[in-house]
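S.K.: One structure coming up, written as structure tokens, with questions to follow.
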Amino acid sequence: MAEILTDIPEYSGNVQPRPGERDAVTGQLLTPYLPSDELVEAVNLAIFLERPLLLKGEPGCGKTRLAHAVAYELALPFETWYVKSTSCARDGLYTYDAVGRLRDAQLAANAMLAEADRSRIHKPTEYIKFGPLGRAFRNPQRTVVLIDEIDKADIDFPNDLLLELDERRFTIDEVGAQIQAQTAPIVFITSNDEKDLPDAFLRRCLFHYVAFPSRQRLVEIIQALFPTPKYSAATPQVVNTSVSRFLDLREKQQTERAFMGKQVSTSELVDWMKVLLRQPESAILQQLDGPLPYPGILLKSQDAYQRYKAQTA
Amino acid sequence: MPPEELPLLDLFTQLRECGLPLGIGEYQLVLKAWQAGYGTKNRAALERLCRTVWVKSPEDAQVFEVQFNRLIQQLPEQIAAVAPQASSRRKWFNFKAASLATLGISTLAIAAALMTLRQDIRTGLGRMPLQINTQSDVLYKAANQLVTDNQTDSPDNNLETQLPVGSLPNLSNIPALMVVQPEPIPWWQQHGLAIWIVLWLLSGAIWGWSQFKSSQNQRQRSKAPSGLTLALTQQIRDEVQIARLNQPLPTGDYLPVTQRQMKQSWRYLRRMVRSGPPIELDIEATIDDIGRQGMLLTPVFRPRRVNRAEVLLLIDQDGSMAPFHGLSQRLVETALQGGQSTQARIYYFHNSPAQVLFHDPYCQSADAVDQVIQSINSDYAGLFIVSDAGAAYGRWNPGRLALTERFLQQMSYRVRYLAWLNPMPQDRWSGTTAEAIANRVPMFEFNRAGLDQAIAVLKGQGGGYP
Chain A
31 MAEILTDIPE YSGNVQPRPG ERDAVTGQLL TPYLPSDELV EAVNLAIFLE
81 RPLLLKGEPG CGKTRLAHAV AYELALPFET WYVKSTSCAR DGLYTYDAVG
131 RLRDAQLAAN AMLAEADRSR IHKPTEYIKF GPLGRAFRNP QRTVVLIDEI
181 DKADIDFPND LLLELDERRF TIDEVGAQIQ AQTAPIVFIT SNDEKDLPDA
231 FLRRCLFHYV AFPSRQRLVE IIQALFPTPK YSAATPQVVN TSVSRFLDLR
281 EKQQTERAFM GKQVSTSELV DWMKVLLRQP ESAILQQLDG PLPYPGILLK
331 SQDAYQRYKA QTA
Chain U
129 MPPEELPLLD LFTQLRECGL PLGIGEYQLV LKAWQAGYGT KNRAALERLC
179 RTVWVKSPED AQVFEVQFNR LIQQLPEQIA AVAPQASSRR KWFNFKAASL
229 ATLGISTLAI AAALMTLRQD IRTGLGRMPL QINTQSDVLY KAANQLVTDN
279 QTDSPDNNLE TQLPVGSLPN LSNIPALMVV QPEPIPWWQQ HGLAIWIVLW
329 LLSGAIWGWS QFKSSQNQRQ RSKAPSGLTL ALTQQIRDEV QIARLNQPLP
379 TGDYLPVTQR QMKQSWRYLR RMVRSGPPIE LDIEATIDDI GRQGMLLTPV
429 FRPRRVNRAE VLLLIDQDGS MAPFHGLSQR LVETALQGGQ STQARIYYFH
479 NSPAQVLFHD PYCQSADAVD QVIQSINSDY AGLFIVSDAG AAYGRWNPGR
529 LALTERFLQQ MSYRVRYLAW LNPMPQDRWS GTTAEAIANR VPMFEFNRAG
579 LDQAIAVLKG QGGGYP
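Protein chains in written order, with the numbering used here: chain A, 31 to 343; chain U, 129 to 594.
Following this line, the structure appears as structure tokens:
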């Protein structure tokens, strides 16, 4: 038991990529991620209890980014499963290339298949292609799996995954093989709350609502993403003023009917800052003093934009 | 500290009763995490642990918060934790003191009663002859009377009647002796009965006071979380959940079905049909093809299964339906965002659906019934009417019946299924228009079972359009 306990990785949320570091597999630029203490605790609990962690929250508050950050800090392999409206639960486990096998059989019958490929026909396992969850189960190393936007799929989708998430095994019907995970993968599931998830599925998940960060945390996030030596304009004054301006707008969106609609979130702030910080410090401060600069990044409907202009004019 | 000492099981049971989707496995998960050291630091950490494992949505989080604050006030491990023990000990002490006082006074009362009784017996022994005497006085007089009467009748009776007469003077002397020489009686014996009554009353009063005090304490304790729950009642829509939290309902709405139950029921309204472009490989048909043609020419594809169910939700508005607006609004909300892919369209009408149906609950913008019929896409459309059908007024209205029948006749050209939900209880239908309509269309009472039955009818189970 003690051995198993020590084997459990622990996420701290403090290990951040160096500026300019890129992902070894995808080559994407890695950026720091600052989770709240509660979120870190929920992640560790999910790892310890070997249950999937269901993340809900406003769009753009960093639900998807968390899985990347955990995989980076713990240096674990990472699998992503972007759910679509047509996704089936089995797609995440494996797909069987029945057409490919038919084709091979046809080619072999007409003696058009190369000798090297011919043996493949007798091995049905050759035609299996594993999905993200299937690869994670087969990987002897603990894997971080992200099931993104699960609410986009059909309502049966989560229910079809119950056994797989519960017992971490599945059967490949075409060949009758059983895949059993050696180590429990760390599963993150995100939902935008477009559809309700079934109770049976919810019961098996741990849940965390990713709250909008506090003002202090927002400033920290901006400072971590735009370090001063590289972004010379990102002085404390600029960051503080722009965050204040941003929070003002967000508050208006919450209280005034005119701005109802999609609330601005962290990801929009980051985009907005990216545009703002292309200019020198004095120009930014001057811009922030007047009407909201680059409103197209923050206001997402024509209606809100018109009303905003009418109010500030 | 073992987790059994925490009221976690109480919390878990309460949350389950409030409708959170939890199984015993989730309870064990919290214990497992607790034993591994999660959530043991302080009360906030324990709350975070329970919240992460047991709470599944932001709405549930509010229920959880109330229950957690109610049941887990202090962590026994903390300094503050001594308080509940001490207070319980003090309560126990109070209870014991009151009992002891009552018991002591009762004992005194009984002792006083016994003393009085003893005195009574002792004096009673002396008084007895007096009573006999007085009685015998009467007897004597009566006997004398008899003697005098009998003497005239027969002289033989004389001897018999003379015997008591002779003994009487001796007896009559004894009470005279007793009265002349009374024993000095102490005050507590003189007023024995009064003391007895006073002590009994006193003990009763003390007992009553102690009971009153303890009930007052209890009331104060149960009052504590009310500030929180007020905020909660304003936020949570599911009044049934609040009712389970032992809180008064914030509104007088009649809500026999919870939002969660409605969502679950709507989920069954699906009609999976293969439709759209052929994109799914049909392996069986392909193999069949190869068998017939001798080789694979082209794989066979088929369309995906999609949900083609469509429902027209017709809501009776205003008038007798006013008390049920909350209920029908909730049904509309769950139909629109319940998470199922069924297409739902909402129309409103007043009393009985006629030539126009309204888009909004205020009956402002309208569509002609013909337009509504033309806009139906699916061959599997169902008509779902929510109305009391005159059962609330309790009258027979032939005009209303005729209007409804004509409307249903009109809709039958395009709509395949029909179900009617009546928020009035079924025993109120008889003798009203509702009964006549219920004889023609499948009408159900608006409760969980009725809603499920109505949705089954819309799915095509239980016959088509009447």
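Even glycine gets a Cβ: it sits at the ideal position worked out from N, Cα and C.
Could you check how far apart the C-beta atoms of Ile180(A) and Ile219(A) are, in whole angstroms? I think they sit under 8 Å.
M.R.: That pair is a contact at about 5 Å.
S.K.: Leu315(A) to Gln283(A), Cα distance in whole Å?
M.R.: Their backbone Cα atoms lie some 23 Å apart in a straight line.
S.K.: Tell me, to the nearest whole angstrom, how far the beta carbon of Leu511(U) is from that of Met539(U); I am working on the premise that it is less than 8 Å.
M.R.: Yes, they are in contact, since the Cβ atoms of Leu511(U) and Met539(U) sit about 6 Å apart, within 8 Å.
S.K.: Around the C-beta of Gly320(A), are 16 or more other C-beta atoms found within 10 angstroms, so that it is buried, or is it exposed?
M.R.: Classification of Gly320(A): exposed, given that the 10 Å Cβ count is below 16.
S.K.: Ordered along the chain, which non-local residues of its own chain (more than five positions away) have a Cβ less than 7 Å from that of Asp53(A)?
M.R.: Taken in chain order, the residues that qualify are Leu60.
S.K.: If you draw a straight line from the C-alpha of Leu150(U) to the C-alpha of Lys225(A), how long is it?
M.R.: Their backbone Cα atoms lie some 20 Å apart in a straight line.
S.K.: Is Leu305(U) buried or exposed, if buried means 16 or more other CB atoms sit within 10 Å of its CB?
M.R.: Confidence in Leu305(U) is poor, its pLDDT being 43 and thus under 50, which makes the residue's placement too unreliable to answer from.
S.K.: So, does the CB of Arg144(U) fall closer than 8 Å to a CB anywhere in chain A?
M.R.: No, no contact with chain A.
S.K.: Determine the DSSP secondary structure at Asp410(U), reduced to helix, strand or coil.
M.R.: DSSP places Asp410(U) in coil when its eight states are reduced to three.
S.K.: Should Lys86(A) be labelled buried (16 or more other beta-carbon atoms within 10 Å of its own) or exposed?
M.R.: Buried, since its Cβ has 16 or more Cβ neighbours within 10 Å.
S.K.: Can you list the residues of chain D that Gly419(U) reaches, using a CB-CB cut of under 8 Å?
M.R.: Note that chain D does not occur in the displayed structure, where the protein chains are A and U.
S.K.: May I have a chain-ordered list of the beta strand (DSSP E) segments no shorter than 3 residues that lie completely inside the stretch 73-131 of chain A?
M.R.: As far as the stretch 73-131 of chain A is concerned, its whole beta strand (DSSP E) runs of at least 3 residues are 83-87, 108-112 and 124-126.
S.K.: Using DSSP's beta-bridge definition, name the partner residues of Glu573(U).
M.R.: Asn550(U).
S.K.: Should Leu459(U) be flagged as near chain A, meaning a C-beta pair shorter than 8 Å?
M.R.: It does not; no Cβ of chain A falls within 8 Å.
S.K.: Helix, strand or coil for His238(A), going by three-state DSSP, please let me know.
M.R.: The answer is strand: DSSP assigns His238(A) an E or B state.
S.K.: Is the shortest distance between the beta-carbon of Thr285(A) and the beta-carbons of chain U less than 8 Å?
M.R.: Judged by the 8 Å Cβ criterion, Thr285(A) is not in contact with chain U.
S.K.: Any idea what DSSP makes of Thr426(U), helix, strand or coil?
M.R.: Note: Thr426(U) maps to coil in three-state DSSP.
S.K.: Is it the case that the Cβ atoms of Phe78(A) and Ala164(U) are separated by a distance below 8 Å?
M.R.: Their beta carbons are under 8 Å apart, which means Phe78(A) touches Ala164(U) by this criterion.
S.K.: So what does DSSP say about Leu315(A), is it helix, strand or coil?
M.R.: Looking at Leu315(A) - three-state DSSP - the assignment turns out to be helix.
S.K.: Using 8 Å as the threshold, is the C-beta distance between Ala135(A) and Arg148(A) below it?
M.R.: Cβ atoms of Ala135(A) and Arg148(A): not closer than 8 Å.
S.K.: For Arg133(A), go through chain U and note every residue whose CB falls closer than 8 Å to its CB, in chain order.
M.R.: Chain U residues near Arg133(A): Leu424.
S.K.: Quick check on Leu191(A) - is its C-beta less than 8 Å from some C-beta in chain U?
M.R.: Leu191(A) does not count as touching chain U.
S.K.: Tell me the rounded alpha-carbon separation between Tyr490(U) and Pro481(U).
M.R.: The alpha-carbon atoms of Tyr490(U) and Pro481(U) are separated by roughly 15 Å.
S.K.: Bridge partners of Tyr545(U), per DSSP?
M.R.: Tyr545(U) is bridged to Gly510(U).
S.K.: Whose C-beta lies closer than 8 Å to the C-beta of Val45(A) among residues of the same chain, with five residues either side of it excluded?
M.R.: Once the five neighbours on either side are set aside, the close Cβ partners of Val45(A) are Tyr102 and Glu103.
S.K.: Distance cutoff 8 Å, beta carbons only. Does Phe242(A) sit that close to anything in chain U?
M.R.: Output row for Phe242(A): interface = no.
S.K.: Rank Val305(A), Glu109(A), Thr110(A) and Ala313(A) by C-alpha distance to the C-alpha of Pro325(A) and give the top, closest one.
M.R.: Out of Val305(A), Glu109(A), Thr110(A) and Ala313(A), Val305(A) has the C-alpha closest to the C-alpha of Pro325(A).
S.K.: Comparing the C-beta of Ala72(A) with each C-beta of chain U, is any distance below 8 Å?
M.R.: Yes - at least one Cβ of chain U is within 8 Å of the one on Ala72(A).
S.K.: Where Asp333(A) and Lys292(A) are concerned, what is the direct C-alpha to C-alpha distance, given to the nearest angstrom?
M.R.: Roughly 12 Å separates the two Cα atoms.
S.K.: To the nearest angstrom, how far is it from the Cα of Phe239(A) to the Cα of Asn74(A)?
M.R.: The sequence shown places Tyr at residue 239(A), not Phe. Rounded to the nearest angstrom, the two C-alpha atoms are 15 Å apart.
S.K.: Taking the continuous alpha helix (DSSP H) assigned at Lys304(A), which residues delimit it?
M.R.: Per DSSP, Lys304(A) belongs to the alpha helix (DSSP H) from Thr296 to Leu306.
S.K.: If we cut at 8 Å on Cβ distances, does Tyr396(U) have a partner in chain A?
M.R.: Not closer than 8 Å to any Cβ of chain A, the Cβ of Tyr396(U) fails to qualify, so no.
S.K.: Hey, could you find the ends of the beta strand (DSSP E) Ala496(U) is sitting in?
M.R.: Residues Ala494 to Ala496.
S.K.: By DSSP, does Thr462(U) sit in helix, in strand, or in coil?
M.R.: If DSSP states are grouped into helix, strand and coil, Thr462(U) belongs with the helices.
S.K.: Nearest by alpha-carbon distance to Thr532(U): which of Ala564(U), Gly578(U) and Ser503(U) is it?
M.R.: Closest by alpha carbon: Ala564(U).
S.K.: Put Lys159(A) into one of helix, strand or coil per three-state DSSP.
M.R.: Of the three classes helix, strand and coil, the one that applies to Lys159(A) here is strand, per DSSP.
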